[in-house]
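Heads up: the structure comes next, in C-alpha cells.
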Amino acid sequence: MEGMVPATTKISKAAYCREWREKNKGKVAAYNLEFKEEITARKKEWAANNKEYMREYYEANKERLKAERDEEKHRAYSREYHKANKETRAIYNKAWREANPSKAKAGKRAWTVANPDKVRDMGHAKRARDRNATIEVFSVTEIYERDGWICQLCKKKVNRRLKYPNPLSKSLDHIVPLSKGGAHSRANVHLAHLSCNVKALAGGVKQLRLM
C-alpha cells in the first residue's frame with residue numbers, strides 16, 4: 006500500500022490488512038461477490054480442520070457472536086418487513102414529510118452529504134429509467150475500483166480525494182450515451198476524469214473510441 010511500511014510482525018500484518026480493507030472496500034466487496042462460493046467453501050474447510058480452535062473461540066466470544074447474530078436477524082426482519090409493507094411505509098413516510106417539512110428537508114440534506122456515492126448511483130439509475138434504458142444494479146465505486154482509478158479516456162491516474170466540480174475529479178462515463186440508447190450496465194460504463202468526460206461528450210471522442 007502506498008505510504009505504508011511493509012508489515013514484519015503478526016500484529017502489524019493484521020493491522021496492515023485491516024487498514025487495506027478499510028481503504029479498499031469496493032475491491033473487497035467486488036472480490037467477495039465474485040468468489041462467494043469459493044470463499045464459503047474455504048471457510049467451511051478451515052473450520053472443519055480447526056474444530057478445537059473454533060470451540061475455544063466461540064466460548065471466549067459467545068456473547069459478542071450472539072449479539073451479532075441477533076443484529077443480523079433484526080436486519081433481516083427489517084428488510085422483510087419493509088418489503089412486505091412497502092406501500093404502507095410509503096404512505097406513512099409521505100404523510101410524515103408533509104407534516105414535518107423542515108425535519109424532512111434537513112434529514113434529506115444530511116443523508117445526501119453522508120452518502121455521496123449512493124446519491125450518484127440513484128442519479129444515474131434515474132436518468133437511465135427516464136430514457137427507458139437497460140438498467141443493471143451496481144455502484145460507481147465498484148466501477149472505479151474495477152478500472153484501478155485510471156481514467157479510461159486519457160489513461161492517467163484519477164485522484165479519488167478530489168470532489169465535484171474539480172475537473173480532475175472522478176465521474177462515471179457511459180461509453181454509449183444513454184441519450185443514444187446505451188445501457189446503464191457495467192459493460193457500458195467506465196471511470197473518467199470529469200473534464201475528460203465532458204470533452205468526450207462535446208467532441209464525439211466516445212464514438213471514435215468505439216469504432
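So in my numbering, spot 89 of the sequence shown is number 94, and the numbers just go up one at a time. Using N, Cα and C, we set each Cβ at its ideal position, and we do this for glycine too.
So which of PRO182, ALA192, ARG191, SER190 has the shortest CA-CA distance to VAL203? Of the residues PRO182, ALA192, ARG191, SER190, the one whose Cα lies closest to the Cα of VAL203 is PRO182.
Who are the near neighbours of GLU147 in its chain, counting only those whose CB is closer than 6 Å to its CB and skipping five residues on each side? GLY31, ALA35
Boundaries (first-last residue) of the beta strand (DSSP E) holding ASP122: Counting along the chain, ASP122 falls outside any beta strand (DSSP E), though it belongs to the alpha helix (DSSP H) covering 121-135.
Mapping DSSP to helix, strand and coil, what is ALA197? strand
I'd like the span of the beta strand (DSSP E) that includes LEU177, first residue to last. 175-179
Give the secondary structure of LYS91 by DSSP, where H, G and I count as helix, E and B as strand, and everything else as coil. helix
With which residues is LYS162 paired in a DSSP beta bridge? ILE155
Would you kindly check if the distance between the Cβ of ARG134 and the Cβ of SER184 is under 9 Å? no
By Cβ distance, which residues of its chain are closer than 7 Å to TYR63, with the 5 residues on each side in sequence left out? LEU70
Excluding the 5 residues preceding and the 5 following ASN29 in the sequence, name in chain order all residues of the same chain whose CB lies nearer than 8 Å to its CB. GLU150
Name the DSSP bridge partner or partners of ILE140? HIS189
On the CB-based measure, 16 or more other CB atoms within 10 Å of its CB, does THR156 come out buried or exposed? Reading the sequence as shown, one finds Cys at residue 156 and not Thr. It is buried - the Cβ of CYS156 has at least 16 other Cβ atoms within 10 Å.
With DSSP run on the structure shown, which of helix, strand or coil describes LEU213? Low confidence applies to LEU213: its pLDDT is 37, below 50, so where it sits in the model is not reliable, and the reading given next is rough at best. Looking at LEU213 - three-state DSSP - the assignment turns out to be helix.
Per DSSP, what kind of secondary structure is LYS168 in: helix, strand or coil? coil
Distance, ASN98 Cα to VAL10 Cα: Residue placement at VAL10 cannot be trusted, given a pLDDT of 46 that sits under 50; what the coordinates show is reported in the next sentence. So the two alpha carbons sit approximately 50 Å from each other.
Give the straight-line distance between the Cα atoms of ASP178 and VAL194, rounded to the nearest whole angstrom. 5 Å
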